[in-house]
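Residue numbers for the sequence shown follow my numbering, so the first one is 2 and each next one is one higher. Glycine included, every Cβ here is placed at the ideal spot set by N, Cα and C.
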Amino acid sequence: MNRREFLKTAAAIAALTALGGCKKEATVSSKKQGTMTYREFPGIGAKISLLGYGLMRMPKTGQGPEIDKEKGFALIDKALKGGINYFDTAWFYHDGLSEVFAGEALSRYPRESYNLASKLPMRLLESGEQAEEIFNKQLEKCKVDYFDFYLLHNLNGPLWEKTLANGAVDFAMTLKGKGKIKRLGFSFHGDNKDFPKILDYTKWDFVQIQANYFDWDNFSKEQYEEATKRGIPVVVMEPLRGGELANNLRPAAVEVLEEAKPGSTPAQWAFRFIASKPNVLTVLSGMTKMEHLEENLATFSPFEPITPEEEQVLAKALQIYKEDGKVPCTGCRYCTPCPAGVAIPDIFKLYNEYRTKMRKRDAVREYENLGKDAMATACVECGACLKKCPQSIDIPKELKRIHKELKG
Ligand code: SF4
Ligand code: SF4
Numbered sequence: 002m003n004r005r006e007f008l009k010t011a012a013a014i015a016a017l018t019a020l021g022g023c024k025k026e027a028t029v030s031s032k033k034q035g036t037m038t039y040r041e042f043p044g045i046g047a048k049i050s051l052l053g054y055g056l057m058r059m060p061k062t063g064q065g066p067e068i069d070k071e072k073g074f075a076l077i078d079k080a081l082k083g084g085i086n087y088f089d090t091a092w093f094y095h096d097g098l099s100e101v102f103a104g105e106a107l108s109r110y111p112r113e114s115y116n117l118a119s120k121l122p123m124r125l126l127e128s129g130e131q132a133e134e135i136f137n138k139q140l141e142k143c144k145v146d147y148f149d150f151y152l153l154h155n156l157n158g159p160l161w162e163k164t165l166a167n168g169a170v171d172f173a174m175t176l177k178g179k180g181k182i183k184r185l186g187f188s189f190h191g192d193n194k195d196f197p198k199i200l201d202y203t204k205w206d207f208v209q210i211q212a213n214y215f216d217w218d219n220f221s222k223e224q225y226e227e228a229t230k231r232g233i234p235v236v237v238m239e240p241l242r243g244g245e246l247a248n249n250l251r252p253a254a255v256e257v258l259e260e261a262k263p264g265s266t267p268a269q270w271a272f273r274f275i276a277s278k279p280n281v282l283t284v285l286s287g288m289t290k291m292e293h294l295e296e297n298l299a300t301f302s303p304f305e306p307i308t309p310e311e312e313q314v315l316a317k318a319l320q321i322y323k324e325d326g327k328v329p330c331t332g333c334r335y336c337t338p339c340p341a342g343v344a345i346p347d348i349f350k351l352y353n354e355y356r357t358k359m360r361k362r363d364a365v366r367e368y369e370n371l372g373k374d375a376m377a378t379a380c381v382e383c384g385a386c387l388k389k390c391p392q393s394i395d396i397p398k399e400l401k402r403i404h405k406e407l408k409g
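Pasting the structure below:
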């Protein structure tokens with residue numbers, strides 16, 4: 002698609018947007034890529050691509066945060082041509098360079114052809130004046146004079162108390178009144194008990210939550226339903242649980258999926274599960290490589306909702322995945338004390354909780370809280386524990402695997 006064709010597609014999107022009140026889900030033609038699926042909600046007032054681009058994992062030039070501009074631009078060009086019109090960045094992504102990249106990459110296109118979301122870094126924020134300073138800097142970095150979507154980043158119970166004290170919501174509402182923010186929301190990473198009080202505090206236009214088929218029954222479903230019953234559209238983050246649901250399914254689980262729908266990848270199953278929820282506005286994916294982007298564009302162009310029968314298949318695969326990855330440790334503690342000080346049963350217990358219900362960030366934090374001397378890396382492979390374990394667990398090997406999965 003050349004620039005002229007692109008502008009025609011953008012105009013088509015704008016025309017469909019103007020048809021407010023038409024059916025909830027629509028598609029806009031994009032000849033080379035198939036037809037991207039869009040969602041529309043009355044309070045949002047724009048058609049948003051069901052696949053959104055998360056700019057937190059762009060290709061890098063090396064070990065540091067610097068983004069490979071050439072590769073990054075190619076991805077953005079492809080995404081826009083494929084019909085993606087929602088791009089999500091934040092103050093913290095790529096140590097502040099994601100917003101700069103977003104500005105450089107997207108400013109090559111007409112402003113009305115993309116929706117840009119960024120976030121106020123609540124962890125940093127101490128005062129309203131500081132918020133204003135950060136916000137103005139974000140506009141400058143992103144080369145825009147307004148954000149289509151703006152979020153208070155990463156709220157949870159304790160941070161919410163701080164947010165109320167520093168006046169960030171009032172500040173954001175003022176910016177919305179001035180047209181500097183078109184739609185205001187927040188992203189949430191806390192306990193479900195704290196979610197409703199934040200939802201009820203003001204009139205949010207949208208909310209961003211972690212949701213995927215693994216976490217659905219643990220916490221995502223409840224958050225989704227709380228937002229839905231208040232009429233607040235949901236932006237989904239972590240649809241693949243940090244890539245885990247695409248890359249780490251056990252072979253037996255993959256087989257179940259493959260048998261039910263040959264050729265469909267684990268990532269496609271995961272996207273289809275979460276994007277089928279009707280109150281989802283867009284599903285964010287941090288696409289680092291062109292092949293990820295191409296596969297995801299195919300999944301959403303057009304989007305095929307998951308069927309009840311397929312949900313059963315997915316539930317079966319999930320069960321296998323959870324069971325298959327667990328360490329069969331009974332917690333008998335016969336292996337203790339480890340001469341090197343490794344907290345063997347505690348690590349296995351923590352890991353099994355992570356496999357079945359715990360969020361990765363919580364698991365990693367608890368693992369780190371054990372201290373370096375008790376972590377798996379302290380194992381010197383003396384083999385003393387192997388003789389004591391009635392479950393015949395290859396303890397040193399499992400410790401290595403767990404460390405790699407949590408910290409790799
Ligand atoms: S093999 Fe590792 S975990 Fe087992 S007793 Fe020796 S040092 Fe401890
Ligand atoms: S001896 Fe084996 S089953 Fe018992 S706590 Fe240690 S690792 Fe777990």
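Contact check for K82 and M291: beta-carbon distance about 12 angstroms, past the 8 angstroms limit, so the pair fails to qualify. Short of 7 angstroms from the beta carbon of P263, and not among the five residues preceding or following it, lies no beta carbon of its own chain. Contact between M59 and T289 holds: their C-beta atoms lie close to 7 angstroms from each other, under 8 angstroms.
T283 is bridged by DSSP to V236.
Using a Cβ-Cβ distance cut-off of 8 angstroms, the stretch 100–110 and the stretch 131–149 are in contact, since at least three pairs of beta carbons, one from each stretch, lie closer than that value. H190 carries a coil assignment under DSSP once its states are collapsed to helix, strand and coil. By the C-beta density criterion, T283 is buried, having at least 16 other C-beta atoms within 10 angstroms.
Rounded to the nearest whole angstrom, the C-alpha separation of L400 and N219 is 26 angstroms.
Collapsing the DSSP output to three states places L107 in a helix. In this chain, R40 is not harboured by any alpha helix (DSSP H); it is covered by the beta strand (DSSP E) spanning G35 to R40. No Cβ-Cβ contact shorter than 8 angstroms links G104 with G287. DSSP, read as helix, strand or coil, puts G53 in strand.
Between L125 and R334, the alpha-carbon positions lie close to 42 angstroms from each other. The beta carbon of Y322 is closer than 7 angstroms to those of L250, R251 and A254 in its chain, skipping five residues each way along the sequence. A contact is defined here as three or more CB-CB pairs under 8 angstroms, and the stretch 336–348 fails this definition with respect to the stretch 300–313. Between A47 and R184, the alpha-carbon positions lie close to 11 angstroms from each other. If one requires a minimum length of 4 residues, the alpha helix (DSSP H) runs lying completely within the stretch 329–364 are 345–357, in chain order. With respect to the 8 angstroms criterion, V208 and V281 are not classified as neighbours on the basis of their beta carbons. Taking the Cα of Y94 as reference, the smallest distance to any Cα among P111, T229, I68 and D201 is reached at I68.
DSSP places R251 in the coil class of the three-state scheme, outside both helix and strand. Where N137 is concerned, the enclosing alpha helix (DSSP H) starts and stops at G129 to C143.
When S128, L76, L121 and D171 are compared, the shortest CA-CA separation from N155 is found for L121.
Of the other Cβ atoms in all chains shown, fewer than 16 fall within 10 Å of the Cβ of A166; this residue is therefore exposed.
Here the distance from the Cβ of I348 to the nearest heavy atom of ligand 1 is not below 7 angstroms.
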